[in-house]
Every structure is written in C-alpha cells, then in structure tokens.
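Take a look at the structure:
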C-alpha cells in the first residue's frame, strides 16, 4: 500500500482509508460478520486508517470497528472518530461523549479525534464551551493523538474556523472532481495545506455516484476505455495537498478494487488524456442532478418517517435519465404507501438543520411529489 503523511503531524497513513459510514447491512442493521471480515481484509492488505463517528449506523459503527480491531489489529491501525458536537450542551459533555466512544471502540486512546460536521453555528457553540482547551488537555494526557474537524459549510466559514484557532492539526473535507466549488472546495483544500493541516478527503465518489455514474457520464468513460472509480480516486491522489482518501466501502469487491488501486505504482499520477476524460465527465454531470444529495443519512430519522435519501435518489434518477429509467422511478415511487411519499412532508425543517449539503429539503418535497407522483 502506498503511504502518505497527515500534514505536519508527521503521522504516516495509507493512501486509502476505510470509511465506516457505509458498512455492509443485512435486514436494516450492520452485517457484523461481513463488516468485520472486510475491515480485517483491508487491514491485512495495507489499509491502516479507519474512520468512524458517534452516529454512524445509529451508533453501531464504532462498536463494530472496535470488534474488528481485536486480536492484535488495534496496534496496526490508526483509529479516527468524531465527537457529535450537536450533543455537547455543556463542557462536561465532552468527557461523557469521549468516554462512551472509547468504550464502543474498546480503546483508551483515539489516534485522530475530530469535531464532527462543523458548521458556523456549531463551531460557535463548542468554541464558547471551551472545546479547544479540552482537546489540548486530552492530547497532553495522551488520550488523543491528533485532533481536527470534519466540515460541511461554506469556504468563508472554513477560513473563519482556521483563523479563530491556530492549533488544528488536520481536517476532513468533502471533495471530488465534481465538487471543486462546493463547501470548502479547492480553495479550502489549498488553504488547509498551506497552514500545515493534513487533509482527509471524504465523499471521493460522491456517495457512489462517481463510481456508477449516470449514462451520459458513463458514455464518456466507455469511449475512453477508462474506469470511473479509478480516475476519480487518482484525481485526488494526484493532489499533493491530500493526505489520504477515505472510501466508504460496503462490499468486498469494492475493497479489493480500491486497495489494488492504492497499492499500484503511479497511483498518484494522471495523464493529460485522463484529465481530459474527467473534464468531459464533469461537463456531462453538470445539470444532471437537481439535488446534490450524497445519501449520507444525516437527515434521518424524519419525524414523519420519510426515507428522505431514497426519495431524492428516485427524484434525481427520474430527472436525469428520462425514458425507461424515469418510468421505473415513478413505478417504484408509486409502490410506496401514502405516508412514505414526499407529500407526507410536514415541512418541520428538522432535517434541514442536519443536512451537510444545506439542502432546502422541505422546498424540494413538493417537486419530488410533482415529478414522481
């Protein structure tokens, strides 16, 4: 496995990290035997960085990762997880949440600890509660190796967070070749690297969209004889500012493909022809998707019981593809019970406060109903 370095922390990491937000699922719950086997396979083949969070898989991601780290694997893997800052109402909550996460993971030390999903108001809240002093004390005590934050807001907010606290060691950004101007974007990537922060990339395949792209994009790759996942990941590794790329792998075949790619010579190089293919794919992407939903599930649970990501996935496929796929999307939507359709949205706004993409979900629900209903 090719190695990189997490900014000025000096921490060596595999080029590919294992994101634990999309572990294999069976009957609505994490398929623990499959997840543990896949995680250990990846560790055995050079992946040495695993990223989880308090809320992933309804709190079970950390626990399952902890099980995978038994039997000697803990000593071989850099463990990263994230504090749910929205649950921190007073300073004592920092200790409580950290202790709960350590217990789930079966470890006394978290190598890389992040404040999860920092946005403007959330940063103000935990900053005023003294979270940076708490992080520094925990690091001095040896409970945390390095600390940083994951981010879903504007570039201006990203710059402000870096300006207001100079002690950040790394950050985690949503970034891929169709999202250079989204959230912190390329400007944020370059700013972080210029200040010595390691940069961990999440959503490199935009929730899987760039791995199995819609027909207009796939046609570009087919014409060039290129693999879309291959080029999307290498586009990121070709950037020296990127410390490592997380992939939320949910199937063994995905792990085998991505690990092989991250291990091969020239993994961090793109030819001019390959760059041109990605530019053409980016052009084909523009305008296809009305909604930049990555199916992360942060909006759930909905008070009305709606599966918001699946509704948006049907809406996007119907709007982008037309023809038979649109008819299929409408047929699938029609199979939903009345209370499961977009028309059941109460426009309460709870989902919007949690959406990393800041989508006006309640405004889009009537459009979903209009197109699919």
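Residue numbers (this note's numbering): 503 to 875.
In this text, a Cβ means the ideal position worked out from N, Cα and C, and glycines have one as well.
All values derive from a computational prediction rather than experimental measurement.
Pull the bridge partners of residue i from the DSSP assignment, please.
i           : result
residue 652 : 674
residue 943 : Here the chain comprises residues numbered 503 to 875, so residue 943 is not present and cannot be evaluated.
residue 582 : 553, 614
residue 514 : 507
residue 646 : 612
residue 541 : According to DSSP, which records beta bridges pairwise, residue 541 is partnered with nothing at all.
residue 520 : 552, 749
residue 813 : Paired residues: none, contrary to the question.
residue 691 : BP columns for residue 691 are empty, so no partner.
residue 620 : 653
When you compare only the Cα positions, how much space is there between residue i and residue j?
i           : j           : result
residue 596 : residue 534 : 28 Å
residue 552 : residue 518 : 9 Å
residue 629 : residue 591 : 12 Å
residue 586 : residue 504 : 31 Å
residue 614 : residue 557 : 17 Å
residue 867 : residue 802 : 15 Å
residue 737 : residue 515 : 18 Å
residue 782 : residue 874 : 30 Å
residue 862 : residue 767 : 43 Å
residue 544 : residue 848 : 43 Å
residue 774 : residue 733 : 12 Å
residue 860 : residue 506 : 32 Å
residue 635 : residue 641 : 10 Å
residue 742 : residue 832 : 44 Å
residue 530 : residue 559 : 10 Å
residue 800 : residue 770 : 31 Å
residue 665 : residue 523 : 30 Å
Within this structure, are the beta carbons of residue i and residue j separated by less than 8 Å?
i           : j           : result
residue 745 : residue 568 : no
residue 566 : residue 525 : yes
residue 521 : residue 719 : no
residue 657 : residue 686 : yes
residue 735 : residue 722 : no
residue 693 : residue 651 : no
residue 805 : residue 852 : yes
residue 691 : residue 677 : yes
residue 648 : residue 672 : yes
residue 550 : residue 578 : yes
residue 814 : residue 790 : no
residue 675 : residue 701 : yes
Pop quiz: residue i and residue j are said to be a contact at Cβ under 8 Å. What is the actual Cβ separation, rounded to whole angstroms?
i           : j           : result
residue 845 : residue 871 : 5 Å
residue 564 : residue 580 : About 15 Å separates the two Cβ atoms, so there is no contact after all.
residue 858 : residue 562 : No, residue 858 and residue 562 are not in contact; Cβ-Cβ is about 20 Å, not under 8 Å.
residue 573 : residue 611 : Actually they do not touch by this definition, with Cβ atoms about 18 Å apart.
residue 669 : residue 796 : Not a contact, Cβ separation roughly 30 Å.
Which first and last residues belong to the alpha helix (DSSP H) in which residue i is found?
i           : result
residue 870 : 863–874
residue 772 : From DSSP, residue 772 is part of no alpha helix (DSSP H); its letter is neither H nor E.
residue 710 : Run containing residue 710: none; DSSP gives neither H nor E here.
residue 588 : Note, residue 588: premise wrong, no alpha helix (DSSP H); not H, not E.
residue 697 : Counting along the chain, residue 697 falls outside any alpha helix (DSSP H), and DSSP gives it neither H nor E.
residue 568 : 562–570
residue 680 : It is not in any alpha helix (DSSP H) - residue 680 carries neither H nor E in the DSSP assignment.
residue 756 : 754–765
residue 793 : Neither: residue 793 is in no alpha helix (DSSP H) and is coded neither H nor E.
residue 576 : Unbroken run through residue 576: none, as it is neither H nor E.
residue 857 : It is not in any alpha helix (DSSP H) - residue 857 carries neither H nor E in the DSSP assignment.
Let's see if you can read the secondary structure: which residues bound the beta strand (DSSP E) around residue i?
i           : result
residue 702 : 700–704
residue 749 : 746–749
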